[in-house]
Structure formats: C-alpha cells, structure tokens
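Protein sequences, first through last, are from chains A and B.
Heads up, the first sequence stops at 382 in the working numbering, and the numbers go up one at a time, no gaps.
Heads up, the second sequence stops at 1454 in the working numbering, and the numbers go up one at a time, no gaps.
All C-beta atoms in this analysis are idealised placements derived from N, C-alpha and C, irrespective of residue type, glycine included.
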Amino acid sequence: MPMFTFRTTIFIKSLLGALVAFLCFSSGLFAQVDISNPQRLMFVADADDPIIDVIDLQENEVIFRIETKQKVDDLVATPFAPVLIYTNIDKQLVSMYNLETQELAKEVILPIVPRHMVLDTTGSKIGFTDSESGGFVLLSAYGGQVLFTLEDFPPTTDVLFDPNEVDIWYSNDLDGSIGLIDSNVKKTFEIEVTDKPEQMLSSPSRSLDGRYIYAANETTGEVYSVNAFSKIIYKTFNIGTRPARPYTTPEGVFLYMMDKDSGRFVSIEQHLFTEFDNTIIGEGIDLITVGRFDRLNLLASTENHNFYIYDNNRKAVIEQGKLNFIPLDAQGAADGRQAYLASSDSPEVAIINLEDQQVSYIKAANGRVGAFAIGLSNNVCH
Amino acid sequence: MYISSTRINSLKLSALLFFGFAIASSWLIFPYFVQGQQLLRGIGDDSRMIKAGSVSRYLTRELIKTPDLEITATLATDEYFQYVDRAAVVGNLRPDRNFIFFVAETIHRGDLPQEVPIATLRVGEDEYLPTISDGPSLVSHHRLSVYSFPKRDADGRLIEIEEAGRMRLYVSNRYMGSNRPLTFVGSWDAPYSLPDELKSRADITPVAVLALGAGLLSSVLTPCLLQLVVVFGGVIAGFSTVPGQSVGGSRQLTPLIRRKIMQLALAFVIGFVSLYALAGAFIGALGHQAQLAFSEYSRAVAIISGVLVILLGLWVGYRGTRDFACRIPDRRAMEALSMRDTVGTVLTSMGYALGCTACFGGAIVATLIVYVGAIGSAAIGAGIMLTFGIGVAIPFLLSAYYISKMDTILLFLAENSKSLSYASMIIIILFGLILLTDNFHVVSDMIYPYLGLS
C-alpha cells in the first residue's frame, strides 16, 4: 500500500518545487545588488583600507562594498558605462572595475605616478598627472589603453579638458605659466602669467563653452582669464592674497572667485563680464557646488568645518553652519538638488539639500574617506 | 461617411493608435539626424563673428585712406580679446597690462617700406614708446604689425587714460619713396570700454533664428517634451468624444468626432506654441536675469500649472458623466460643448507648457547665452521659441489628421466616451500631479535612457 495517495504526492512535490523556486529567487535577490548604473551611485574609498563603498543616491545608504587589492588613492566612474576606475599611487596602478559583472576588468601600470586623475567631459578619456615628478598620460576610460604619454611634462595637479576634446589645459608652477596640450599633435604650448617663474597656480577652470579659461595665482593673488582661441590672457582680476581655484557654474552664467584669506567672494556674470557680487562670506572657501538654475550655491572649505549656502537671487548667504568634519571634496548631484561632501577625518559623507538646506550624513568607509566620486555630477567645468 | 459595422478589431485599433502616437512623437527624430549642440555652437560662432566684426570696427581708426595707401589701427583692449578671436597673434600679448594696437598697412602703388612702422602713444601731453613692436619686414603690399605699450609708466604709476580723455597713436614710415617719414595719427576718446548695446546685442539673422529653434529641439529640450505627447493623447481622448453615447448609435457621431479632433489639435498646439513664444520673448528680453526669475518662481508656476491641469482633468472626468449624444440635433448645446472643449484644451496645453517652461526655461537661457553669446532681444527670443514650438506642433497636427481619417479609431472614440473620459482624466491629473510635486523629470528620465540619445 502506498505511503501517500497520488494527490498528496502531487501536493508535496508542488510545495517542494515552490520552496526551491523561492530559495533560488531569494538567494539571487540578496546576492545580486545591481550597481550597474553609475548615475545613481556614489563611490567612497577608505583612506587606509582597500575598500570602496557603493552608495545608492536614492536610498542614501551603502548597498555594496568593493574589496580592492590595494588602497585606493583616487577614483572616478564613467557616467555612461558601468566602469569604475581607481588608482594606487605606490604601484602606479590604474584598475578598471566592471560594475555590471562586479569584477576587476583590467589593471594598467602607468609610466608616471597617478597622483591626479580627471575624467573628460564625455567620460571616455582620463588624464593622469603627477604634481611632484611631472608626466602626463591620456588613457581610454573604457578600453584601458594608453592613448599617449608625455614624460617631459611639468608637475601639475588636475588638468582641464576642453569641450572640443582636443585641448587639455594645465598649469605649470615651475615656469609660472598656463599651458595646453594639443592632443592631436601631442605638443604643449604655454602662456606665461608673469615674468617670474615659480608661481603657485591653481588648476585651470573654464566657461561652459570652453571659450574662456581661468586660473588663480596664490603668489600674486590674481585670477587670469584666457581667451582659449587666441591663447591670450586678456583680463586679470585682483582677488586678494590667496585665491582658490576659480569655479564656473553648471548652467554657464557665473564665474566665482574666492580669496581664502579674506573670505572674499566675487561673482562675475560671464556673458558681459560684469561684476555680479563682491562680498565677504568666510575664510578658506575652496569647495563649491551649485544648484538648479545656477541659483543656490554651497560654499565650503577643505580647511575648516564651515559651510554656507549662498543665494544668487538675494545675493546673500541664506544658511550657514558647521559640518561634523573637514571636507575632502564636494560634488553636486546631476539634478542640482543635493551636494555631497566627503570627510577627510571621519567615515562619513554629508548630504546637503540645497533647496531646503537640510544636512544629513551617511556612514561610509571604515576610518576616514580617502576619495569619493558620484557617477554623474553637475560639476562640469571644474 | 458612416461606418457599416460597430465591431472593432482591437489589434487593428492598437496598431492604428500606436502609429498615431508615433506620428505625434516624430519630432524625436531630430536628435538622431541633427547634432543640436553642434548646430547651436555653429550658429553661436557665426553670431560671435558678426559681433567680433562690430567690436573690431568700433575700436579701429582709419589713419589714412587714399587710392594708394591705407593704414588702420585697432586698439585691442581686454574687451576686444573677449569678443574677438585672433589666431594670428597667439602669444604672450597681455592686454590686461598693456595697451595693444594692431596696425594694418596696405599699399596699392609700389611696395611697403621694409621696416616696420615706428609707433608712439600720446596720452595727454605724455608720450610713450612701445615695449613690443613686431611685424614682418619683407612684405610687398600688406602688413599687420603689433605694438604693446605698458599701462604703467617708467615709475610704475598707472597711466590714467580716462582722465586724459583721449589717446593718440602716431604711426610713421617712409611710404611711397618719401625721404622723410610720413606720420599718421589715430585717436580714441574716453571712455574706452565698449558701449553696452554693442556687447549685448544679438547679431542673429532670421535664418539663424530658425536654426536655433531646430537646435533647441534637438538638444536640451527633447526629454522634457516627451510628456507633452502623452498629455496630448489624453486631451484628444477626453475632449473629442461626445458623452452619453452607448454602443449602437455611434455611427452618426463619427463625422462630429472627426471635426473635433482637428479642432482640438489646433487648439492644443496654439496653446503651447503661443506659451513658448511668450516665454521666448521673456527670455530674450531679460537674458540671464530670466534664469534667476525662473529659479525664483519656477516652483510657484509649476504648482499653479499643476493645479490648473488637475482641475481640467477633473472637468474631463465630470464631462464624461454628462449626456450629449442624444442632443445632437440641439446645435446650440453642441456648440457650447465644443467651445468648452476647445477652451479646456487650450488651457490644458498652456498649463502644461507653462509647467514645462518653468522646468527647462533656465536651460534655454543657459543654452542661448552660452552658445549664442547674447540674446538681449524679445523678438529674437520669441522667434527662436516660436520656431521650436512649430517644430513640435507639426507632428501633433499630422497625428491628429491621421487619427481623424481612421474610422476604426473614430468608432472607438464614439463608443467609449465614458471610459475614455475617465482614462483621460487619470492621465491629465497624473501629469498635473507631476508638475505639482516637482517630479517633472521622473517620467522623462524613465523614458529617455531607452531612446539611445545619451
């Protein structure tokens, strides 16, 4: 006599089948966190441990942790492809991580120390420079091929890509000049800012259309404006004693110049080059993130805890406060509603809602943040 | 023409509706064939060249103009280099620290002297010599030389050109075999800065206005307009029906619906085209101040637009509960309904377009300022946005014409007035809520990645 009737057997089999299907589905669900769309993600690398935390910008929480082979010194994510690129200075190594398969895709050893890395406006090329020993490498962000190398290249910080994808601007402290690499012919051209060498120049910034290039000089307190076509410094602004890197707003209206010593903030309307505002806001300001319509601006400093939200309509600071930490860097969300600041001394990232001026924090990294990036930022011209 | 059968093939209906939707969205092909950003940049370059010519003429003086000899001098101030691109003078000229002059010599009889002309600058009673005096020596008929005079005197004091009121450039050379140098003078009166109208004027031709409209259609505005097609569908479905009809007597309604579809489509495009043209005039007149105005009032405008659209959506739903089908012979009742539907369509269109403009108006300002370099004219702003609006409107009208010719669709509209009214109400209210809650980009962002335009 059979132990179970036919109907009972069918029932038990069905239950087991459903259980197996549920287990398969749920294990897949929990194991596979989708991190393939960089535009909705933030990547936070620990300053000391070889990890990168992936934060979902809609949920504002860490959803994935990438364990890397080496400590990460800098990182960028390509906005239109699931590729995360990070560097290790000690090994002169660039690693390319496939966010879709969640695997390390490629490693490239560079002929220079990649102290600074900048992604171009299309997200397809990366410029590497070394601010100590010099050298320049242009790398394909998707394929990882070295497009060209300039070994006889001055020490410099971040380079600046022109929107035409041909000129790459840089500053040369040793010669006191602003230079450009013509990537078609792989040659450099330099414009002296003064007749004296050894100036402390900021990285260049540009107007949205790439017509004007700006650079600050901490030695003289000046900010220079270059006609990118004629390669001529046609205007000099005297800002103070220690000007920060100039900033241009995402929708292209304003040029901001800040003096870190006096806290002076000067905004220039780029269309007619008329002064829009000239006021004292706070010392040390060198981080800026701009909101929608180029209206609300987060001003912060890599030297202190202060932050300010400045309104271009009212020409006034409408909110100010102190962050839990001294920021490392600031980036704006693509829609301009939120600003993100990572900490150089604690394991967290601040989120400042520019529209309602609320500040919140996300725990990320283990000890302190070494580098961070969001997949698509509105910091386009900096 | 009456329909012989009231049975509707749902597959055929779906295909026909999809095709109508595709026609209404056909402006989307623009970005695939026209590189909007490049087009805008190209027009911007043309416009900038016109402006550069105006600036250059303003700062240029004729020192002599005879049939044999012509000499001009251009005071190349910092503003000159702001508007004029001169690839030929790449180098370390510093108009921020020096007075720069370009001297152009042209001779039609004989050759130019081999030497570069000698130039001196006089400001008031003081005379200054150039630190840079550069030009080709072995030339025949044409020569361009550059002169640079420091803005500070030998003692390091800033030369006060504004106080002096006038600066004069003396250019000397042995022209046409003369034994002694012949000297010619050009003078520039204070103030030396460019007049505002020269800096802000929009040097845009009518053809460029048309191209700018097309450029906008192909670049910044495309994702924002995707939703307008859905709202258009909702309006046609909601307002073209005759409430109160049940299956059976629908055949006699189709000619009426046919006319209404074209009437509503026209009302819809008039609504958004006129609104965009007005917005363009506002942007054109105020320039970047318009951007700040958008940032100040965009939320309020979106809320008002959202409320208006929601109210109109509710009205569409309410309209569906009325009974008009049996009053077709009552011409006045039908005309009153038709008028209300038309007004409702114009208001829905304008309301939604107003919300759209509040959303992407700032981007239009930025695009025009960045790529064209200037707007500064209400007429040009209105012209650009009118072109843009017409570019969107034509597919809408074509779609309406197509729908009005498809008997299957007309019959479907005639037989389902109530359910279509409710569906339309839901669509219109949903999009009103999108405006009201500031989630305009959510729908666009959902659709946009699948268009392959990134």
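Assign threonine 1131 (chain B) to one of three DSSP states: helix, strand, or coil. coil
Please report how far the alpha carbon of arginine 1097 (chain B) lies from the alpha carbon of leucine 1144 (chain B), in whole angstroms. 21 Å
Could you check what DSSP says for leucine 376 (chain A) in three-state terms: helix, strand or coil? coil
With a threshold of 16 other CB atoms inside 10 Å of the CB of glycine 410 (chain A), please say whether the residue is buried or exposed. The structure shown has nothing for residue 410 (chain A), since chain A only spans 1 to 382.
Once the 5 residues before and after methionine 258 (chain A) are set aside, which same chain residues still bring their CB inside 6 Å of it? Ala244, Phe265 and Ile285
Beta-carbon proximity of aspartate 294 (chain A) to phenylalanine 254 (chain A), cut-off 8 Å: yes
What is the C-beta distance between valine 1269 (chain B) and leucine 1397 (chain B), in whole angstroms, given that I count them as a contact (C-beta under 8 Å)? 6 Å
Give the residues of chain B in contact with isoleucine 191 (chain A), contact being defined as C-beta atoms less than 7 Å apart. Asn1092
Under the rule that 16 or more other beta-carbon atoms within 10 Å means buried, what is leucine 1158 (chain B), buried or exposed? exposed
Short of 6 Å in beta carbon distance, which residues of its chain neighbour serine 1424 (chain B), apart from the five on each side in sequence? Order them along the chain. Gly1234, Ala1237, Gly1238 and Val1316
Endpoints, beta strand (DSSP E) assigned at proline 327 (chain A): 327-332
For the region 145-164 of chain A against the region 93-112 of chain A, are there 3 or more C-beta pairs whose distance is under 8 Å? yes
I want to see whether chain A comes within less than 8 Å of proline 996 (chain B), judged by CB atoms only; does it? Residue 996 (chain B) lies beyond the range of chain B shown here (1001 to 1454); nothing can be said about it.
Assuming contact is defined by CB atoms lying nearer than 8 Å, are serine 262 (chain A) and glutamine 331 (chain A) in contact in what I supplied? no
So that I know if they touch, is there some Cβ in chain B lying closer than 8 Å to that of lysine 235 (chain A)? yes
Do you know how far the Cα of serine 360 (chain A) is from the Cα of valine 33 (chain A)? 24 Å
Identity of the residues DSSP links to threonine 236 (chain A) by a beta bridge: A:Tyr224
Given a cut-off of 8 Å on the beta-carbon distance, is the pair glycine 370 (chain A) and valine 137 (chain A) in contact? no
Enclosing beta strand (DSSP E) for phenylalanine 254 (chain A) [first to last residue]: 254-258
Check whether the Cβ atoms of phenylalanine 372 (chain A) and alanine 342 (chain A) lie closer than 8 Å to each other. yes
What does the Cβ neighbour count give for glutamine 1114 (chain B), buried or exposed, with the cut at 16 atoms within 10 Å? exposed
For leucine 999 (chain B) and methionine 1385 (chain B), I'd like the C-alpha separation in whole angstroms. This structure cannot speak to residue 999 (chain B), because chain B is shown only from 1001 to 1454.
Ignore the nearest five residues each way along the sequence and tell me which others in tyrosine 234 (chain A)'s own chain have a CB closer than 7 Å to its CB. Ser225 and Asn227
Counting contacts by CB-CB distance shorter than 8 Å, is serine 1005 (chain B) in contact with chain A? Below a pLDDT of 50, predicted positions are generally treated as unreliable, and serine 1005 (chain B), at 47, falls in that range; the measurement from the model is reported next regardless. No, serine 1005 (chain B) does not count as interfacial toward chain A.
List the endpoints of the continuous beta strand (DSSP E) containing leucine 1144 (chain B). 1142-1150
Proximal residues to threonine 1183 (chain B) (C-beta, below 8 Å), its chain only, five neighbours per side dropped: Tyr1170, Val1171 and Ser1172
Hey, out of B:Gly1355, B:Phe1440 and B:Leu1121, whose CA is closest to valine 1185 (chain B)'s CA? B:Leu1121
Per DSSP, isoleucine 309 (chain A) is paired with what? A:Leu298 and A:Glu319
Could you give the distance in angstroms between the alpha-carbon of phenylalanine 80 (chain A) and the alpha-carbon of leucine 104 (chain A)? 18 Å
With 16 other CB atoms within 10 Å as the buried threshold, where does histidine 1141 (chain B) fall? exposed
Segment contact flag, the region 169-176 of chain A with the region 149-159 of chain A, C-beta cutoff 8 Å, min 3 pairs: yes
Against glycine 1284 (chain B), what residues of chain A qualify as contacts under a CB-to-CB distance less than 7 Å, listed in chain order? Those within 7 Å of glycine 1284 (chain B) in chain A number zero; the least Cβ separation is about 13 Å.
Okay, do the region 175-184 of chain A and the region 208-226 of chain A touch, 3+ Cβ pairs below 8 Å being the bar? yes
Where the region 1146-1165 of chain B meets chain A: residues whose CB sits under 7 Å from a CB there: none
Residue environment, aspartate 209 (chain A), which counts as buried when at least 16 other CB atoms sit within 10 Å: buried
Pick out whichever of B:Pro1150, B:Val1309 and B:Arg1152 has its Cα sitting closest to the Cα of glycine 1344 (chain B). B:Val1309
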